[in-house]
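Asker: If you scroll down you'll find the structure; I have some questions about it.
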Amino acid sequence: MSTYTETKLQKVTTARLREMKQRGEKIACLTAYDFTTARIVDEAGIDFILIGDSASNVMAGNTTTLPITLDEMIIYSRSVARAVKRALVVADLPFGSYQGNSTEALASAVRMMKEAGVEAVKMEGGCEIRESIERILSAGIPVCGHLGLTPQSINKFGTYSVRAKEEAEAEKLLADARMLDDLGVFAIVLEKIPSELAARVTREVSCPVIGIGAGSAVDGQILVVQDMLGMNTDFKPKFLRRYADLGNVMRESIGHYVADVKAVDFPNASEQY
Ligand code: KIV
Numbered sequence: 000m001s002t003y004t005e006t007k008l009q010k011v012t013t014a015r016l017r018e019m020k021q022r023g024e025k026i027a028c029l030t031a032y033d034f035t036t037a038r039i040v041d042e043a044g045i046d047f048i049l050i051g052d053s054a055s056n057v058m059a060g061n062t063t064t065l066p067i068t069l070d071e072m073i074i075y076s077r078s079v080a081r082a083v084k085r086a087l088v089v090a091d092l093p094f095g096s097y098q099g100n101s102t103e104a105l106a107s108a109v110r111m112m113k114e115a116g117v118e119a120v121k122m123e124g125g126c127e128i129r130e131s132i133e134r135i136l137s138a139g140i141p142v143c144g145h146l147g148l149t150p151q152s153i154n155k156f157g158t159y160s161v162r163a164k165e166e167a168e169a170e171k172l173l174a175d176a177r178m179l180d181d182l183g184v185f186a187i188v189l190e191k192i193p194s195e196l197a198a199r200v201t202r203e204v205s206c207p208v209i210g211i212g213a214g215s216a217v218d219g220q221i222l223v224v225q226d227m228l229g230m231n232t233d234f235k236p237k238f239l240r241r242y243a244d245l246g247n248v249m250r251e252s253i254g255h256y257v258a259d260v261k262a263v264d265f266p267n268a269s270e271q272y
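Quick note on numbering that gives the first Met the number 0: the sequence shown kicks off at 0 and runs consecutively.
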């Protein structure tokens, strides 16, 4: 029998996430984009760490996820992969790196696996990218789907409001989720959709469903780490719970450091050689 420590350190795999769904154990997921944060997130017991293309917003300061490149995503992802011992490490394929055709999509996924060392990729969309998903899966690369609000299509939607409220869009989402499940994706992220629809998808597909703004009846939850730690206070959607006020903690701490330096109080006698 394994000890508690061994169990805690047991590497999370795509198969383990499926087992968690089957036994009703919820899956806790967060984003991370750098080595130091990823190590803390992993040590805290997160099951699935996503290097989201939200790096475009929270790391690079862009207003959308569209500008981030595959090269940039590989740099963030490599730092995270180096830090993580337990969680499953999944990277977003960024806008433009997989929508063209399945050959390009496979080349992007292979670069992500080889150069960043992640364990799976996530892609936004349903039937429109079916061929690319099939090609990547056939190369032995696990794929996570992403339906509902898909930020890479912001220029098509025009807003970041709740998706699939109307029947036609909800039916398409259900059909896409079934298709992704049949193709063999290891999980599906559902972003900002009505909780009843998310519950229905979760019941109907065999793979784990991870929600962000999709209610509590899904198999797991994901948030952007800077948002849930209170480092990015201008972003306050209804689905976001703040677990800390790190932005203020950092501002206050740095303010004290500035004051100490100005007052020649830092470094003191014990802090110098
Ligand atoms: O890019 C991202 O961080 C994501 C999550 C919000 C699911 O796709």
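Quick reminder that beta carbons are idealized off the backbone N, C-alpha and C, glycines included. Given the structure is predicted, the values throughout are model-derived calculations rather than measurements.
Any heavy atom of ligand 1 inside 6 Å of the beta-carbon of Ile253?
Answerer: Your numbering for residue 253 matches position 254 in the sequence shown. Checking every heavy atom of ligand 1 against the Cβ of Ile253, none is found closer than 6 Å.
Asker: On a CA-only basis, which of Leu92, Pro193 and Tyr256 is nearest Val117? Give me that one, please.
Answerer: What you label residue 117 is simply residue 118 of the sequence shown in a count that begins at 1. Nearest C-alpha to Val117: Leu92.
Asker: For Lys121 versus Val89, is the C-beta distance shorter than 7 Å?
Answerer: Stepping through the sequence shown from its first residue, residue 121 is reached at position 122. Stepping through the sequence shown from its first residue, residue 89 is reached at position 90. Yes. Within cutoff.
Asker: By how many angstroms is the C-alpha of Gly44 removed from the C-alpha of Met0?
Answerer: Here residue 0 is taken as the residue at index 1 of the sequence shown, counted from 1. Here residue 44 is taken as the residue at index 45 of the sequence shown, counted from 1. For Met0, the pLDDT reaches just 43, beneath the cut-off of 50, and the residue's location in the model is therefore unreliable, leaving the point undetermined.
Asker: With 7 Å as the threshold, decide whether the Cβ of Pro66 is near any Cβ in chain B.
Answerer: The chain inventory of the structure shown lacks chain B, comprising one protein chain alone.
Asker: Could you tell me the alpha carbon to alpha carbon distance between Thr149 and Gln271, rounded to whole angstroms?
Answerer: Here residue 149 is taken as the residue at index 150 of the sequence shown, counted from 1. Here residue 271 is taken as the residue at index 272 of the sequence shown, counted from 1. Straight-line Cα distance between these residues: approximately 52 Å.
Asker: Confirm, please, whether the CB-CB distance from Asp52 to Ile64 is below 7 Å.
Answerer: For the purposes of this step, residue 64 is taken as residue 65 along the sequence shown, with counting starting at 1. For the purposes of this step, residue 52 is taken as residue 53 along the sequence shown, with counting starting at 1. Inspection of the sequence shows that residue 64 is occupied by Thr rather than by Ile. Their beta carbons are under 7 Å apart, which means Thr64 touches Asp52 by this criterion.
Asker: Can Gly254 and Ala243 be called in contact, C-beta distance under 7 Å?
Answerer: One-based indexing of the sequence shown puts residue 254 at position 255. One-based indexing of the sequence shown puts residue 243 at position 244. Contact flag unset, no.
Asker: What residues are listed by DSSP as bridge partners for His145?
Answerer: Indexing the sequence shown from 1 puts residue 145 at position 146. Paired residue(s): Glu123 and Val188.
Asker: With which residues is Ile74 paired in a DSSP beta bridge?
Answerer: Along the sequence shown, one-based indexing puts residue 74 at 75. Ile74 pairs with nothing; no bridge assigned.
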